[in-house]
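In UniProt numbering, the protein residues as written are 1 to 372.
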């Protein structure tokens with residue numbers, strides 16, 4: 001058996017193995033498009049992550065079998081910033097890339113590489129899948145080194161693995177009232193005019209679909225709050241790059257619900273290693289009574305079973321999403337804090353402070369949900 005080795009590389013050094021990086025992202029045992037080369041580069045180009053990330057790499061011989069991008073500022077822990085897995089307001093997962101056939105020992109090797117990349121202290125994994133096989137293996141590897149671990153703000157994220165067919169999904173996931181509600185909305189939409197579910201994945205059609213999403217979001221409550229992506233040139237440019245330049249191990253998909261030739265709902269997703277991450281959704285609030293967002297989500301589920309464009313849908317959401325009523329599966333997510341300096345007395349205090357601060361910010365205003 002070939003021994004595992006570790007490397008700590010910067011972005012330029014990792015470019016020498018771009019094919020290996022792409023292969024790792026495409027064949028990862030758990031999908032994470034945010035750590036694939038195109039999305040890392042988009043974040044760096046638009047300065048949405050701390051500069052000069054380091055890449056904790058594990059190799060079997062020459063082959064890259066595990067990798068985590070590490071930044072000097074991954075988020076707050078208590079009263080100060082902490083290094084951690086690369087993240088931004090647009091990333092929804094910090095699962096390291098691990099090859100499907102990575103040999104036993106990868107987790108211990110990656111834990112060592114992470115320690116060397118950030119040189120000890122507190123370390124954050126924003127939105128980490130704590131109960132996944134990778135999450136458990138890496139947590140156990142850290143604990144074998146004596147590191148303390150704390151899960152912050154855990155929640156259950158909706159997801160959907162494809163069933164044998166749509167009817168099997170509906171029978172399992174949708175109650176009678178939900179099925180009747182969807183049928184009622186579909187009839188109401190049909191009464192308003194000609195409607196269609198349109199998909200774009202490349203070329204001019206994808207450009208137009210992304211721009212349609214940006215326009216819909218800007219017209220809605222996020223536009224009024226100034227938080228829509230199109231509200232600021234920087235975020236608008238970043239969003240267009242994120243979806244229009246996705247390539248190699250990550251592809252983009254846009255789903256539109258059209259009424260009389262005009263989009264009334266739009267969803268943008270990134271697909272990697274068999275999972276589609278539903279990154280952004282917007283709908284025309286003037287048609288709110290039709291439930292366009294819910295109908296589009298149902299159309300995406302139908303397409304999943306009819307087309308098999310992926311194996312699983314990840315809602316990429318925070319708690320309170322309407323997808324909690326549509327997706328029956330759950331992913332246990334938390335911000336994971338790791339003390340890489342065992343015995344550091346400040347770590348428990350920082351964790352306690354962070355929990356108190358998050359509790360104080362718990363009341364978050366959300367827009368009204370669409371009718372079911």
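Note that the Cβ used here is the ideal one computed from N, Cα and C, for glycine as well.
Could you tell me which of the options sits nearest to residue i, measuring between CA atoms?
| i | options | result |
| --- | --- | --- |
| residue 234 | 29, 33, 47, 8 | 47 |
| residue 71 | 65, 189, 278, 115 | 115 |
| residue 102 | 338, 5, 331, 290 | 5 |
| residue 65 | 49, 75, 80, 106 | 106 |
| residue 68 | 268, 211, 93 | 93 |
| residue 89 | 238, 136, 212, 12 | 238 |
| residue 122 | 138, 133, 76 | 76 |
| residue 155 | 191, 146, 324 | 324 |
| residue 135 | 337, 360, 342 | 337 |
| residue 11 | 304, 326, 43 | 43 |
| residue 119 | 139, 250, 82, 19 | 82 |
| residue 381 | 255, 58, 161 | Any question about residue 381 goes unanswered here, given that the chain covers just 1 to 372. |
| residue 309 | 211, 161, 218 | 161 |
| residue 124 | 352, 359, 334 | 334 |
| residue 196 | 320, 215, 255 | 255 |
| residue 53 | 269, 78, 85, 24 | 85 |
| residue 99 | 111, 63, 130 | 63 |
| residue 299 | 96, 111, 141, 186 | 186 |
| residue 313 | 320, 319, 326 | 326 |
| residue 191 | 87, 289, 220, 330 | 289 |
| residue 373 | 73, 267, 360 | Within the shown structure, residues of the chain are numbered from 1 to 372, placing residue 373 beyond reach of any answer. |
| residue 109 | 240, 307, 253, 7 | 7 |
| residue 111 | 128, 329, 140 | 140 |
At what residues does the beta strand (DSSP E) containing residue i begin and finish?
| i | result |
| --- | --- |
| residue 143 | Here residue 143 belongs to no beta strand (DSSP E); instead the alpha helix (DSSP H) covers 133 to 144. |
| residue 199 | 195 to 200 |
| residue 281 | 275 to 283 |
| residue 41 | Run containing residue 41: none in the beta strand (DSSP E); it sits in the alpha helix (DSSP H), 37 to 45. |
| residue 251 | 251 to 259 |
| residue 313 | 312 to 314 |
Since residue i sits in a beta bridge, which residues does DSSP pair it with?
| i | result |
| --- | --- |
| residue 59 | 5, 64 |
| residue 339 | 122, 148 |
| residue 80 | 77 |
| residue 86 | None; residue 86 has no bridge partner. |
| residue 331 | 157 |
| residue 98 | 66 |
| residue 323 | Paired residue(s): none; residue 323 is not in a bridge. |
| residue 129 | 333 |
| residue 28 | 99 |
| residue 240 | Residue 240 is not bridged to any residue. |
| residue 91 | Answer is none; residue 91 lacks a bridge partner. |
| residue 71 | 84 |
| residue 54 | 10, 70 |
If you follow the alpha helix (DSSP H) that residue i is part of, which residue opens it and which one closes it?
| i | result |
| --- | --- |
| residue 210 | 203 to 219 |
| residue 167 | 166 to 173 |
| residue 300 | 292 to 307 |
| residue 265 | Careful: residue 265 lies outside any alpha helix (DSSP H), inside the beta strand (DSSP E) at 262 to 272. |
| residue 349 | 346 to 360 |
| residue 181 | 176 to 192 |
| residue 318 | It is not in any alpha helix (DSSP H) - residue 318 carries neither H nor E in the DSSP assignment. |
| residue 11 | 11 to 14 |
Using a C-beta cutoff of 8 Å, does residue i count as contacting chain B?
| i | result |
| --- | --- |
| residue 162 | Of the chains in the structure shown, none is chain B; there is only one protein chain. |
Around the Cβ of residue i, are there at least 16 other Cβ atoms within 10 angstroms (buried) or fewer (exposed)?
| i | result |
| --- | --- |
| residue 280 | buried |
| residue 14 | buried |
| residue 172 | exposed |
| residue 225 | exposed |
| residue 80 | exposed |
| residue 357 | exposed |
| residue 366 | Residue placement at residue 366 is poorly supported in this model, since its pLDDT is 48, which falls under 50; the coordinates still yield a value, given next. Under this definition residue 366 is an exposed residue. |
| residue 292 | buried |
| residue 165 | exposed |
| residue 421 | Residue 421 cannot be examined here, being either before or after the span of the chain that is shown, 1 to 372. |
| residue 377 | Given that the chain is displayed from residue 1 to residue 372, the structure contains no residue 377 and the question cannot be resolved. |
| residue 17 | buried |
| residue 60 | buried |
| residue 343 | exposed |
| residue 158 | buried |
| residue 19 | exposed |
| residue 133 | exposed |
| residue 275 | buried |
| residue 253 | buried |
| residue 368 | Here residue 368 scores only 45 on pLDDT, less than 50, and its place in the model is too uncertain to base an answer on. |
| residue 359 | exposed |
Exercise. At a cut of 8 Å, does the region 19 to 38 reach the region 239 to 257 through at least three beta carbon pairs?
Worked result: yes
For this session: Check whether the region 147 to 164 touches the region 339 to 351, counting contact only when three or more Cβ pairs, one atom from each stretch, lie closer than 8 Å.
Result: yes
Exercise. So, do the region 270 to 288 and the region 251 to 262 have three or more beta carbon pairs nearer to each other than 8 Å?
Worked result: yes
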